[in-house]
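In numbering that gives the first Met the number 0, the protein residues as written are 0 to 430. Beta carbons: idealized from backbone N, C-alpha and C, even for Gly.
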Amino acid sequence: MTRGARALVLCPDIRVLRYDLDASDRLAEAEGLALAIGIVIAHSAILPVRKMQPNTLFGSGQVENIAVWCEQHEAELVIVDGALTPIQQRNLEDRLKRKVIDRTGLILEIFGERAATAEGRLQVELAHLDYQQSRLVRSWTHLERQRGGFGFLGGPGETQIEADRRMIRQRMTRLRRELEQVRKTRALHRERRGRAPWPIIALVGYTNAGKSTLFNRLTGADVMAEDLLFATLDPTMRAIGLPGVEKAILSDTVGFISDLPTQLVAAFRATLEEVTFADVIFHVRDMANASNSAQKKQVIEVLGDLGIVDTDTGDSTIPIVEVWNKCDLLATEDQDELRGMAELQGAVMVSAVTGEGVAALEDRAAAMLTGTAREVTFTLPVSEGRQIAWLHAHGEVVAEEDAGEGVAGPMRRVTVRLNPKELGQFATLGH
0 MTRGARALVL CPDIRVLRYD LDASDRLAEA EGLALAIGIV IAHSAILPVR KMQPNTLFGS
60 GQVENIAVWC EQHEAELVIV DGALTPIQQR NLEDRLKRKV IDRTGLILEI FGERAATAEG
120 RLQVELAHLD YQQSRLVRSW THLERQRGGF GFLGGPGETQ IEADRRMIRQ RMTRLRRELE
180 QVRKTRALHR ERRGRAPWPI IALVGYTNAG KSTLFNRLTG ADVMAEDLLF ATLDPTMRAI
240 GLPGVEKAIL SDTVGFISDL PTQLVAAFRA TLEEVTFADV IFHVRDMANA SNSAQKKQVI
300 EVLGDLGIVD TDTGDSTIPI VEVWNKCDLL ATEDQDELRG MAELQGAVMV SAVTGEGVAA
360 LEDRAAAMLT GTAREVTFTL PVSEGRQIAW LHAHGEVVAE EDAGEGVAGP MRRVTVRLNP
420 KELGQFATLG H
């Protein structure tokens, strides 16, 4: 797909389907997806669909209108914010004489451009091949958007199609093997972190909620943070210090989105697996977005799929703190009202851009991470100065006194408050 291409963005409003977002919000999100990959939006529209047509999705009159819009606005690409079958996609391209892509194809393009790590690129390619293999019935003139060079040469025909399908299946098998190796490596890294063991805070939220900006604010890092959908895809981790917690790991994850293509739900599950090992989850919400409630629902559903949240009861296996971001974009009276709601619901109001409320968020995280601490008493040789110093640095020393003579010489009795992870880390020092 060429950057700078002029496109029509169409949002089918299908009467028989239920949507979490209303049509205008879905159209705005589709426009955001198009802008995220450098497409010029020549025209956009919501098209009511009373009955889905198996050949073209839209009615014949609507298809004629789309063709007129293409000519009027000199559009070379048509983006349909919905799922198109291969037949619908081919027929629309035949009638409009334009390249047509659906929501899945558009998101795959964005993911393909943004994936930075080896794992991210493997996941995107696997998802892209899974999507593409069902569309080899299409005329070969439209395969210029196929990436990676899978040998799509020659003219149409069953022999060529079957050969290409076989090549795709073989490539997908190799990709799955490579991904499995990457996951094993990730599991080893996670196991090392578990032995360390520093507490982990995971940032989750709808795409463009401001997770990466908050991540940068908390860590002083320089992760890409722009007003774009899917500005970051690959999980990023950094160490941070918190009040009473010497070190914690902050993890920034891929943003969630409504109607994520099924191919990508499976492909990016490993990326989101990091969330399941967190000690605390920060759910970052864009409170300046009128659809923030619907966006919250989408995030909770994904956390439910990961086994973290029971979507029926709302119970969570990992403590979740709602972080109400972008409050600086609201009017003063709206901020005051929201502040009262935040206190009632236990949320934390912040502005990741200005830094307002971030200190309170750090205090909340520290309180949650140290809330499981318990008092433990150690009797240590005075000569073991490193262990005694470690307890002072990592825990809250409640009492310390001489404990007389022992086999190893003079002893000290130290009573200290430690959380389970710190206790495990102290055990790795030999005690």
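query                                                                                                                       : result
Reference residue 273, options 290, 294, 317 and 400, closest by Cα                                                         : 317
Distance CB(residue 271)-CB(residue 249) smaller than 8 angstroms                                                           : no
Distance between residue 39 and residue 333 (C-alpha atoms, nearest Å)                                                      : 34 angstroms
Beta strand (DSSP E) runs wholly inside the segment 244-298, at least 3 long, in chain order                                : 244-251 and 279-285
Runs of beta strand (DSSP E) wholly within the segment 75-110 (minimum 3 residues, chain order)                             : 76-79 and 98-101
Presumed contact (8 angstroms Cβ cut-off) between residue 202 and residue 275, rounded CB distance                          : In fact, because the Cβ distance is near 14 angstroms, the residues do not count as touching under 8 angstroms.
Contact check, residue 324 vs residue 208, beta carbons under 8 angstroms                                                   : yes
CB of residue 9 within 8 angstroms of CB of residue 79, strictly                                                            : yes
C-beta atoms of residue 122 and residue 167 nearer than 8 angstroms                                                         : no
Residue 302 versus residue 308 - alpha carbon distance                                                                      : 6 angstroms
Enclosing alpha helix (DSSP H) for residue 60 [first to last residue]                                                       : 59-71
Element boundaries [alpha helix (DSSP H), containing residue 389]                                                           : 384-393
7 angstroms CB neighbourhood of residue 73 in its chain, flanking five on each side removed                                 : 5 and 41
Nearest-angstrom beta carbon gap, residue 415 and residue 375 [assumed within contact, 8 angstroms]                         : 6 angstroms
Start and end residues, beta strand (DSSP E) containing residue 321                                                         : 319-324
Residues sharing a beta bridge with residue 52, DSSP                                                                        : 56
Selection from 87, 120 and 160 that minimises the alpha carbon distance to residue 178                                      : 120
Supposed contact pair residue 24 and residue 292 - C-beta distance, whole angstroms, cut 8 angstroms                        : 11 angstroms between Cβ atoms; not a contact.
Contact set for residue 305: own chain, Cβ-Cβ below 7 angstroms, skip 5 residues either direction                           : 271, 274 and 275
Residues bridged to residue 38 [DSSP beta-bridge criterion]                                                                 : DSSP lists no partner for residue 38.
Which listed residue (394, 44 and 329) has its alpha carbon closest to that of residue 27                                   : 44
Residue(s) in a DSSP beta bridge with residue 166                                                                           : Per DSSP, none; premise fails for residue 166.
Close beta carbons around residue 11, own chain, < 6 angstroms, minus the five adjacent residues each side                  : 46, 48 and 81
Counterpart residues of residue 205 in DSSP-defined beta bridges                                                            : 255
Coarse secondary structure for residue 15, derived from DSSP in three states                                                : coil
C-alpha gap between residue 111 and residue 124, whole angstroms                                                            : 7 angstroms
Spatially closest choice to residue 284 from 387, 311, 258 and 326, by CA coordinates                                       : 326
Option in 64, 245 and 75 with minimal Cα separation from residue 2                                                          : 75
Cutoff 6 angstroms; reference residue 134; Cβ partners in own chain excluding five residues on either side                  : 85
Between the CA atoms of residue 83 and residue 152 - distance to the nearest angstrom                                       : Interpretation of residue 152 is limited by its pLDDT of 33, a score under 50 that renders its predicted location unreliable; the figure taken from the coordinates is listed afterwards. Answer to the nearest angstrom: the Cα atoms are 25 angstroms apart.
Proximity test, residue 248 beta-carbon vs the ligand NAD heavy atom, cut-off 7 angstroms                                   : Absent from the structure shown: the ligand NAD. Ligands present: none.
Distance between beta carbons of residue 298 and residue 204, contact taken as under 8 angstroms                            : 6 angstroms
Cβ neighbours of residue 382 in the same chain (closer than 7 angstroms, five flanking residues each side left out)         : 407 and 408
Assigned exposure category for residue 363 - 16 Cβ within 10 Å defines buried                                               : buried
Own chain partners of residue 51 with C-beta closer than 7 angstroms, once the 5 adjacent residues on each side are dropped : 13
Own chain residues within Cβ distance below 7 angstroms of residue 18, not counting five before or after                    : 25
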